[in-house]
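Read the structure below first, then the notes.
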Amino acid sequence: MRIATWNVNSLRVRLPHVLDWLGTHDADILALQETKVIDADFPEEAFTELGYHVSFSGQKTYNGVALISRSPIHEVITEAHALDDPQRRILGALIDEVYVLNLYVPNGSAVGSDKYDYKLTWLSAITQTVAELTKKHNKIIILGDFNIAPEDDDVHDPKAWEGSVLVSDAERDALQNLLALGFKDCFRLFPQEEKTYSWWDYRGGGFRRNHGLRIDLILASEALAQSCSICAVDKEPRKLERPSDHAPVVAVFE
DNA sequence: ATGGTGGCGCGGCCA
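So for the first sequence, this note's numbering puts the first residue at 42; every next one is plus one.
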């Protein structure tokens with residue numbers, strides 16, 4: 042099974058990139074974030090025509106998540122139990138006996154801000170939800186835009202970023218609490234080229250200078266992590282005209 | 001240069 046995550050920063054704008062990518066990469070499951078499209082306007086047929094099933098949870102202007110899957114999508118959830126949140130950031134579903142949880146973790150804006158507090162509360166709530174999922178499912182994949190760089194190796198300039206949002210200790214601790222439920226960061230199961238990132242700021246030639254962060258993650262429950270054979274960032278779509286600021290991350294499970 | 005770039009949607013927010 043080939044599964045990928047991609048923050049597309051507007052599906053309306055990036056649909057050609059996404060369709061081209063699906064056509065050449067033969068993914069079984071693609072998790073999208075920041076679709077920025079309400080459900081009534083979701084381009085469902087563009088995917089069903091290619092033989093995919095789709096599920097989506099969108100809103101106007103901001104956020105929005107979707108799952109594109111070769112196999113049928115069951116047991117959909119769009120909420121964390123402990124959170125009454127109008128923001129559409131969560132899409133979980135059972136696909137071929139694997140529970141897939143697609144997340145668009147809040148950015149957090151700045152350490153100490155209201156948005157930062159919301160991010161930590163949100164992470165706590167999703168961790169509770171995952172704890173519940175682990176009682177029912179053995180094979181779980183959590184993937185998406187985590188808006189957290191797990192380690193300094195995931196940061197182009199750790200000194201410059203030290204203590205700021207996306208790398209702060211409290212955010213990293215929250216991610217570790219989630220991993221502690223029995224998940225592996227698939228990317229780190231394998232030797233990787235140094236300075237591999239998944240997001241580069243549009244500003245200041247971030248991609249050209251490889252000023253990036255690895256914040257798009259694929260986490261697999263231990264039962265599944267054993268069968269993971271590849272996890273890699275595909276930088277190619279970031280080189281296209283009018284790209285998303287994120288690149289897709291792909292994992293293969295045998 | 002008190003920013004920079006991009007999306008949404010038409011002024012300012014969010015990333």
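Every residue, glycine too, gets a C-beta built ideally from N, C-alpha and C.
Backbone secondary structure at residue i - three-state DSSP
| i | result |
| --- | --- |
| Ala273 | strand |
| Tyr238 | coil |
| Leu281 | coil |
| His115 | strand |
| Gly246 | helix |
Assigned exposure category for residue i - 16 Cβ within 10 Å defines buried
| i | result |
| --- | --- |
| Asn251 | exposed |
| Pro289 | buried |
| Leu73 | buried |
| Arg129 | buried |
| Thr89 | exposed |
| Tyr243 | exposed |
| Val54 | exposed |
| Tyr103 | exposed |
| Glu212 | buried |
| Leu184 | buried |
Cα-Cα separation, residue i to residue j
| i | j | result |
| --- | --- | --- |
| Leu265 | Pro191 | 20 Å |
| Ala81 | Asp286 | 25 Å |
| Gly223 | Glu86 | 37 Å |
| Leu71 | Ser239 | 16 Å |
| Asp69 | Ala151 | 36 Å |
| Phe231 | Gly204 | 27 Å |
| Leu132 | Asp155 | 24 Å |
| Thr65 | Ser110 | 15 Å |
| Glu277 | Lys177 | 37 Å |
| Thr175 | Ser51 | 32 Å |
| Lys101 | Cys269 | 36 Å |
| Val291 | Gly153 | 33 Å |
Rounded distance between the beta-carbons of residue j and residue i, thought under 8 Å
| i | j | result |
| --- | --- | --- |
| Asn188 | Pro127 | The Cβ separation is near 19 Å, so there is no contact. |
| Ile259 | Ile182 | 7 Å |
| Gly99 | Glu75 | 10 Å between Cβ atoms; not a contact. |
| Leu91 | Leu63 | 6 Å |
| Ser112 | Ile136 | 5 Å |
Any non-hydrogen atom of the ligand GTP within 6 Å of residue i CB
| i | result |
| --- | --- |
| Glu234 | Absence of the ligand GTP is noted for the structure shown, with no ligands found whatsoever. |
ask   = Any contact of the region 242-251 with the region 199-210, i.e. 3+ C-beta pairs under 8 Å?
value = no
Contact the region 108-121 vs the region 151-161: 3+ CB pairs below 8 Å = no
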